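In what follows, a structure is listed as structure tokens, so that the remarks can point back to it.
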Amino acid sequence: MLTNPAREAPYTTDTLYAGLQLVQPRETAPAHRHTAFACRFIIEGRGGFTAVHGQRVPMRPRDVIVTPTWNWHDHGKKGAEEEGGDDQPVIWLDGLDLPNFMHFPVHFVEHYASSRYPAEDKDESPIVFSWEKMSAKLNASSGKWVSVPYLKADGREIGRVIGASAERLDASSESPVVRETASSVYHVIEGSGHSKIGESTISWKQGDTFCIPAWHQYQHFSNEGVKVYLYRFDDKPMLNALGFYRAEGDDIEKFVSD
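75 is the number that UniProt numbering gives to position 75 of the sequence shown; each next residue is one higher, with no gaps.
Here's what the structure looks like:
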């Protein structure tokens, strides 16, 4: 668990939980389901898979896979003796909305009778957002900095509470200065640089994970000669639904409430 040192689990931010999960070859994370929504960024490994709602899909590096609320799911990793497997683990970054259930006592967890839920192999699924497609969108966009959201086929966010996006920063570039009520977790897919977050500056490189607390001004900078790709998940869908999202400089006064 990536727990905020000023808080206790499950807080990475006030509303988001982040953690790293590692599954060894021939190992299974037993089937279960929970109220919490999960999005998973696959960091490394071959032969990993997850089965959600009867669909077993491969975990490919840099893909994002979501687990909708209250869906049976399990995870596993093929060994070297199986096609597509090897003797190395698969590792991913979990993003869940768990902290919100500390305020609303409506979170349920149920374990399945067997370690694996019955599932069919699927090479593609609506729950998988491939890095191949996302990187193509990022690289086709103009500008030294670009952000592209992960969206469902119908254009909606990946979740009602959590949203996700990917960013590209060309070498020696910077992102816009942002101050917003959303909190976010970033993972460095590729490259190196630093971020100014409030009064602090943190350096990062490929494989690092860091968070942006709500209403902290932030800006990202890439190092010289290094293109950067970042993955982000945040709580903007929830805040927008509640009418709580605000970004500094974008305030619009309304006399009549929506």
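For each residue, glycine too, the CB sits at the ideal point set by N, CA and C.
All values derive from a computational prediction rather than experimental measurement.
| Query | Result |
| --- | --- |
| From this set, Pro118, Ile202, Ala18, Gly249, which residue's C-alpha is nearest Val178's C-alpha? | Gly249 |
| Do you know how far the Cα of Met59 is from the Cα of Pro89? | 12 Å |
| Tell me which same chain residues have a C-beta within less than 8 Å of the C-beta of Ala29, skipping the five on either side of it? | Gln21, Val23, Asp74, His75, Gly76 |
| Hey, Leu98 and Pro10: beta-carbon distance below 8 Å or not? | yes |
| If the criterion is Cβ atoms closer than 8 Å, does the pair Ala182 and Ala153 meet it? | no |
| At what residue ranges does the UniProt domain "Cupin type-2" (20 to 81) contain a whole run of the beta strand (DSSP E), taking only runs of 3 or more? | 28 to 34, 38 to 44, 48 to 52, 55 to 59, 64 to 67, 73 to 77 |
| Can you tell me which of the three DSSP states Phe104 falls into? | coil |
| Would you kindly work out how many angstroms separate the C-alpha atoms of Gly95 and Glu81, rounded to a whole number? | 31 Å |
| Rounding to the nearest angstrom, what Cα-Cα distance links Tyr229 and Lys144 in this structure? | 12 Å |
| For Gln206, collect the residues of the same chain with a Cβ closer than 8 Å to its Cβ; drop the 5 residues on either side in sequence, then sort them by chain order. | Val188, Ile189, Glu190, Gly191, Ser192 |
| Which residues does DSSP list as the beta-bridge partners of Phe233? | Ala164, Val185 |
| Does the stretch 115 to 132 come into contact with the stretch 55 to 69, if we say contact requires no fewer than three beta-carbon pairs (one atom in each stretch) closer than 8 Å? | yes |
| Is it buried or exposed, Trp70, if we count other Cβ atoms within 10 angstroms and call 16 or more buried? | exposed |
| Helix, strand or coil, according to DSSP, for Trp145 in the structure here? | strand |
| Evaluate His220 with the Cβ neighbour count: other Cβ atoms within 10 Å of its Cβ, from every protein chain shown; 16 or more gives buried, anything less gives exposed. | buried |
| Exposed or buried, Asn139, counting other C-beta atoms within 10 Å across all chains shown (16 or more means buried)? | exposed |
| If you follow the alpha helix (DSSP H) that Lys137 is part of, which residue opens it and which one closes it? | 131 to 140 |
| With 16 other CB atoms within 10 Å as the buried threshold, where does His111 fall? | exposed |
| Can you check whether the CB of His34 is closer than 8 Å to the CB of His107? | yes |
| Checking the sheet assignment: what are the DSSP bridge partners for Trp92? | Gln21, Ile42 |
| From this set, Gly163, Lys78, Thr15, Glu132, which residue's C-alpha is nearest Met102's C-alpha? | Thr15 |
| Mind reading off the beta-carbon distance from Tyr231 to Ala171? Whole number of angstroms is fine, and I expect it under 8 Å. | Actually they are not in contact, since the Cβ atoms of Tyr231 and Ala171 sit about 19 Å apart, beyond 8 Å. |
| May I ask you to report which of helix, strand or coil DSSP gives Val241? | One point to set straight first is that residue 241 is Ala, not Val, in the sequence displayed. The answer is helix: DSSP assigns Ala241 an H, G or I state. |
| So, Tyr150 versus Val64, is the Cβ gap smaller than 8 Å? | yes |
| Below 8 Å between beta carbons: does that hold for Val161 and Asn240? | no |
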